[in-house]
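First comes the structure, then the notes that go with it.
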Amino acid sequence: MCAEATKFQRECEASSASGAVRSEEGGMGMLKNEIDWLCRTVGHRKEQAESDNRSIYHDIEPAEGDLESIKGQSMMSKLPPIDPGLEPSALKRPFLASLPSVS
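Heads up: the sequence shown is residues 2 to 104, going by our numbering.
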């Protein structure tokens, strides 16, 4: 993320230098400062999370390549039929009994 933001900032500086992008005075410098701040903040929080993980959970974080790929599944295709006892008409005091049946 930080690499992409830095690349974007360099592209903006190049466009600004050629006159393609016009900004207020200091606009590109402000963008660079914000990107630098964001990168520092993200880096600090990542270091803190990794430190917490080592000291609290005592887990070693596996490399991304060592993790199994997670495949998405459709959870809606295997739904069991609704129990007839849950239909509004099956209640002693029908709640929303005027609604059409779900089945």
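Where a beta carbon is used, it is the ideal one built from N, C-alpha and C, also for glycine.
Inset, instruction - May I ask you to verify whether the segment 35-47 touches the segment 2-12, counting CB pairs closer than 8 Å and requiring at least 3? - result: Touching, yes.
Inset, instruction - Pick helix, strand or coil for A64, following the three-state DSSP scheme. - result: Residue 64 sits at position 63 when you count from the first residue of the sequence shown. Look at A64 here: in three-state DSSP terms it is coil, with no helix or strand label.
Legend entry - Simplified DSSP assignment, three categories, for Q133: What the structure shows of the chain is the stretch from 2 to 104, and residue 133 is not part of that stretch, so it cannot be assessed.
Legend entry - Touching by the beta-carbon criterion (3+ pairs, under 8 Å), the segment 5-15 and the segment 33-40: When C-beta atoms of the segment 5-15 are compared with those of the segment 33-40, three or more pairs fall below 8 Å, so the two segments count as touching.
Legend entry - Pairwise C-alpha distance: Q10 and N34: Working through the sequence shown from its first residue, we reach residue 34 at position 33. Working through the sequence shown from its first residue, we reach residue 10 at position 9. Spanning the alpha carbons of N34 and Q10 requires a straight line of approximately 10 Å.
Inset, instruction - Report yes if the CB atom of E62 is closer than 9 Å to the CB atom of E48, and no otherwise. - result: Sequence index remark: in the sequence shown, residue 62 carries index 61 (1-based). Sequence index remark: in the sequence shown, residue 48 carries index 47 (1-based). Taking 9 Å as the Cβ cut-off, E62 and E48 do not qualify as a contacting pair.
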